[in-house]
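Participant:
In this note's numbering, the protein residues as written are 21 to 160.
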């Protein structure tokens with residue numbers, strides 16, 4: 021979680037620009053948590069034990085702003101609403117089924133292109149509630 025300090029440097033993961041302490045900022049680090057699994061293949065990029073798809077407190081680009089509230093999720097200097105690959109996963113937004121990288125497919129996402137003025141955590145919460153409702157409807 022953001023309260024953990026994976027590299028023991030005294031800076032909590034949520035505020036640490038270098039979670040694994042390897043000297044490479046999270047935004048440039050191909051393996052943020054230092055577990056040997058490249059970020060684009062790692063289901064838990066920050067090594068906090070929470071799957072990326074459920075991780076509300078992940079800061080993919082290491083800028084100190086959580087993805088849910090970040091206007092530039094992948095840290096490439098291009099705002100999400102202008103970025104051809106908003107979440108930096110290597111899949112162009114036009115064919116990406118999860119353009120903002122929050123783990124919620126675009127067709128089920130209240131905010132498929134990132135956050136709204138209401139705040140990222142609220143958007144993610146609404147997406148989660150809607151997903152639960154759809155699952156319950158399918159079970160009936």
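Every residue, glycine too, gets a C-beta built ideally from N, C-alpha and C.
Could you tell me the distance, in whole angstroms, from the CA atom of residue 103 to the CA atom of residue 47?
Facilitator: Computed Cα separation, rounded: 16 Å.
Participant: Where does residue 85 fall in DSSP's three states?
Facilitator: Of the three classes helix, strand and coil, the one that applies to residue 85 here is coil, per DSSP.
Participant: Counting pairs of beta carbons, one from the region 33 to 42 and one from the region 80 to 90, are three or more of them closer than 8 Å?
Facilitator: Output reads yes: the region 80 to 90 touches the region 33 to 42.
Participant: Straight-line CA distance for residue 100 to residue 68?
Facilitator: Roughly 25 Å separates the two Cα atoms.
Participant: Taking the beta carbon of residue 124 as the centre, do at least 16 other beta carbons fall within 10 Å, making it buried, or is it exposed?
Facilitator: Under this definition residue 124 is a buried residue.
Participant: Leaving out five residues on either side along the sequence, give the residues of the same chain with a beta carbon under 7 Å from the beta carbon of residue 71.
Facilitator: Excluding positions up to five away in sequence, the list reads 63, 64.
Participant: Rounded to whole angstroms, what is the Cα-Cα separation between residue 114 and residue 154?
Facilitator: Going from the Cα of residue 114 to the Cα of residue 154 covers about 25 Å.
Participant: Are the beta-carbon atoms of residue 80 and residue 98 separated by less than 8 Å?
Facilitator: Result no, Cβ atoms of residue 80 and residue 98 do not sit closer than 8 Å.
Participant: Grab me the residues of residue 51's own chain with a C-beta within less than 7 Å of its C-beta, minus the 5 sequence neighbours each way, in chain order.
Facilitator: 57, 58, 59.
Participant: Pull up the distance between the alpha-carbon of residue 49 and that of residue 117, whole angstroms please.
Facilitator: Those two C-alpha atoms are separated by around 24 Å.
Participant: Quick check: what's the CA-CA separation for residue 54 versus residue 111?
Facilitator: Their backbone Cα atoms lie some 23 Å apart in a straight line.
Participant: Measure the alpha-carbon distance for residue 136 versus residue 130 and round it to whole angstroms.
Facilitator: Unreliable placement is indicated for residue 136, whose pLDDT of 44 sits below 50; no coordinate value is reported for it.
Participant: So residue 31 and residue 40 are in contact, right, with Cβ under 8 Å, and what is the actual spacing, rounded?
Facilitator: With a Cβ gap of about 12 Å, residue 31 and residue 40 do not count as contacting.
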